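The end of the sequence shown is residue 334 by full-length UniProt numbering, with every number in the run present. Where a beta carbon is used, it is the ideal one built from N, C-alpha and C, also for glycine. Just so it is clear, the structure is predicted and the values come from calculations on it, not from any experiment.
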Amino acid sequence: MFLRQWYLISILQHLHLLKSTKMQEFNLPVLGSLLHVDFFLSLNRIECGAEGTQQPHLILAHKLFLLTHPDVQDIEKVQLKSDVLDSIESDGMAPLFETLAASSVLELDQSLLDPMRASNEEELKKLDEKIVDAEENLGESEVREAHLAKALYFIRISDKLKALEQLKLTEGKTVAVGQKMDLVFYTLQLAFFYMDFDLVSKSIDKAKKLFEEGGDWERKNRLKVYEGLYCMSTRNFKKAASLFLDSISTFTTYEIFPYETFIFYTVLTSIITLDRVSLKQKVVDAPEILTVLGKIPFLSEFLNSLYECQYKAFFSAFAGMAEQIKFDRLDQKV
1 MFLRQWYLIS ILQHLHLLKS TKMQEFNLPV LGSLLHVDFF LSLNRIECGA EGTQQPHLIL
61 AHKLFLLTHP DVQDIEKVQL KSDVLDSIES DGMAPLFETL AASSVLELDQ SLLDPMRASN
121 EEELKKLDEK IVDAEENLGE SEVREAHLAK ALYFIRISDK LKALEQLKLT EGKTVAVGQK
181 MDLVFYTLQL AFFYMDFDLV SKSIDKAKKL FEEGGDWERK NRLKVYEGLY CMSTRNFKKA
241 ASLFLDSIST FTTYEIFPYE TFIFYTVLTS IITLDRVSLK QKVVDAPEIL TVLGKIPFLS
301 EFLNSLYECQ YKAFFSAFAG MAEQIKFDRL DQKV
């Protein structure tokens, strides 16, 4: 058991070093057209079914990750670049566009930047007017909502520092623990967009302290998924698996990823941390996992061939899993 866990952890920690030539040395199949970028984007799509919708800026973050990935083909990057620019222009993300241009991810286009800046200034002026009106003519609840709207606008245009400042200001006008928790979730989404794990860690700690004052089970269960994602991204696989498994039947965190992606992470972290009996009970035979396992390429074969000790089939499925992990923004080594 220990050797199996050590081996799989070593594989997953070094997948970003694995090239197709190495796979061929193991006589693994060539993946060919399956490795189209759209295939990897499918696990992070916008539409998550009737239950909920993933936040657009987190989808944009994944596309930016692929756009700068050295193993994504240039022809795929042409479409990715077009998608990124469309998202930036439609949401008026002038601060993000300037940052990406400064880091040479995108070319600076003044004819695109100037209208976005003007739009930002106009919208912020309107939001400030609503705040003044609420403070002069309305109640505390309306004042809070006006400040929250401004914070959400800064998040929308990806102005990280101003968004954090405005969220803090909004928190000062918030009394209910549930509403304070919602502000923490907004901060966590912003932190995962920028892969700011220090901010993620501090926000999770803050959320746990808030729960000492109260809080509902729905928000507590959502926090488990955020913390599990943080643990997975920082290579604490055991805790990540525990948190994910606890959240399977109560998952509502569609704003950060679809249910299929959640199951992908749950199975992946469980395989390398659970003993054989626990893996069978909690993963292999779990109804919630079985309902979507077949929708995720290679995952069923990867899980079941390992459990059944069919190592030839395992390494065949491993080739596909290696590529999925390599192109997954949240599963990279920190």
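How big is the Cα-Cα spacing for residue i and residue j?
i: serine 300; j: lysine 282; result: 15 Å
i: alanine 322; j: serine 316; result: 10 Å
i: aspartate 196; j: threonine 99; result: 16 Å
i: serine 203; j: glutamine 310; result: 42 Å
i: residue 340; j: lysine 312; result: Nothing in the structure corresponds to residue 340, since the chain is present only between 1 and 334.
i: leucine 169; j: histidine 147; result: 8 Å
i: aspartate 159; j: valine 143; result: 22 Å
i: aspartate 328; j: glutamate 122; result: 37 Å
i: glutamine 166; j: serine 87; result: 23 Å
i: glutamate 260; j: glutamine 324; result: 13 Å
i: tyrosine 186; j: arginine 156; result: 11 Å
i: valine 292; j: serine 119; result: 42 Å
i: tyrosine 194; j: alanine 61; result: 8 Å
i: glycine 139; j: phenylalanine 154; result: 23 Å
i: valine 267; j: glutamate 107; result: 40 Å
i: valine 72; j: lysine 326; result: 10 Å
i: lysine 280; j: arginine 219; result: 29 Å
i: glycine 320; j: aspartate 331; result: 15 Å
i: alanine 151; j: arginine 235; result: 31 Å
i: phenylalanine 314; j: leucine 306; result: 6 Å
i: aspartate 216; j: glycine 178; result: 7 Å
i: cysteine 231; j: valine 200; result: 10 Å
i: alanine 176; j: serine 141; result: 11 Å
Three-state secondary structure (DSSP) at residue i?
i: threonine 53; result: strand
i: asparagine 236; result: coil
i: phenylalanine 251; result: coil
i: cysteine 231; result: helix
i: proline 287; result: helix
i: proline 95; result: helix
i: threonine 187; result: helix
i: glycine 320; result: helix
i: leucine 306; result: helix
i: threonine 68; result: coil
i: asparagine 221; result: helix
i: aspartate 246; result: helix
i: serine 103; result: coil
i: phenylalanine 298; result: coil
i: tyrosine 226; result: helix
i: tyrosine 311; result: helix
i: aspartate 331; result: helix
i: isoleucine 256; result: coil
Between which two residues does the alpha helix (DSSP H) carrying residue i extend?
i: isoleucine 176; result: In the sequence as presented, isoleucine is not what sits at residue 176; that position holds alanine. Looking at the DSSP string, alanine 176 is not in any alpha helix (DSSP H), and its letter there is neither H nor E.
i: threonine 266; result: 259-271
i: methionine 116; result: 110-137
i: lysine 206; result: 197-211
i: aspartate 86; result: 74-90
i: phenylalanine 154; result: 140-156
i: leucine 279; result: 276-279
Buried or exposed for residue i, please, with buried defined as at least 16 other CB atoms from any protein chain shown within 10 angstroms of its CB.
i: arginine 222; result: buried
i: residue 339; result: With the chain covering 1 to 334 only, the question about residue 339 has no answer from this structure.
i: glycine 294; result: exposed
i: glutamine 54; result: buried
i: lysine 126; result: exposed
i: leucine 274; result: buried
i: proline 258; result: buried
i: alanine 163; result: buried
i: alanine 134; result: buried
Return yes when the C-beta of residue i is under 7 Å from any heavy atom of the ligand NAP, and no when it is not.
i: tyrosine 194; result: Judged by which ligands are present, the structure shown has none, so any question about the ligand NAP falls away.
Any chance the region 278-292 sits against the region 245-257, with 3 or more Cβ pairs inside 8 Å?
Contact check between the region 278-292 and the region 245-257: three or more CB pairs, one atom from each, fall below 8 Å, which counts as touching.
Counting pairs of beta carbons, one from the region 235-247 and one from the region 209-218, are three or more of them closer than 8 Å?
No contact exists between the region 235-247 and the region 209-218.
Taking contact to mean 3 or more Cβ pairs, one atom from each stretch, closer than 8 Å, check whether the region 87-95 and the region 107-122 are in contact.
Counting Cβ pairs under 8 Å, three or more are found: they touch.
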